[in-house]
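J.: Structure incoming, see below.
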Amino acid sequence: MEFFKPGKQYNFLGVAGTLTKVSALLVIASWALVATKGLNFGIDFVGGTEVLLAFDKPMDVAALRQTTTQVFGEEPEVVTYGLTDEGRYFVRSRVQTLLKPAEVTAIEAAINDKIGKPEMWDPSDEA
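When we follow my numbering, the leftmost residue of the sequence shown carries the number 974, and every step to the right adds one.
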């Protein structure tokens, strides 16, 4: 299989100026986007709260998201963790704060009242 025919000449440098201009335009456009939109740092870089919850039975993710939105004050990311029938969920919120023990108790009570009592668990316990 031949991509380039023997003896044929290709003028790569003839289009170098055009490609340089296109490249410069794309770089300037990316700078403009960063300047106007900013960078979208994930929770790994901006911090936040991550909670692993386990229930006796699978829960409705929308209901769990609604309840945790009321608890955290903003809509967190709620993801099923592990098998879908295990009732385990990973909740990630950008809310970053050092909670006092009374605040932790109030949050646990709000989740218990609205959804049921979850079990906080650590995946490393299963290793």
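By construction, the Cβ of each residue, glycine as well, lies at the ideal position given by its N, Cα and C atoms.
1) If contact is defined by three or more beta carbon pairs under 8 Å, each pair taking one atom from either stretch, is the stretch 1049-1068 in contact with the stretch 1024-1033?
2) Which runs of the alpha helix (DSSP H), 4 residues or longer, sit entirely within the stretch 1023-1054?
3) For the ligand GTP, is there any heavy atom lying closer than 7 Å to the beta carbon of GLU1081?
4) Between which two residues does the beta strand (DSSP E) containing VAL1064 stretch?
5) From GLY1011 to GLU1050, what does the alpha carbon distance come to, in whole angstroms?
6) Going by beta carbon distance, what residues of the same chain come within less than 8 Å of THR1042, once the five residues before and after it are set aside?
7) Rank SER1066, LYS1087, ASP1086, PRO1074 by C-alpha distance to the C-alpha of THR1022 and give the top, closest one.
T.: Taking the structure as given:
1) yes
2) Within the stretch 1023-1054, the complete alpha helix (DSSP H) runs of at least 4 residues are 1034-1045.
3) Questions concerning the ligand GTP fall outside what the structure shown contains, since it holds no ligand whatsoever.
4) 1061-1066
5) Spanning the two alpha carbons is a distance of roughly 21 Å.
6) GLU1048, PRO1049
7) SER1066
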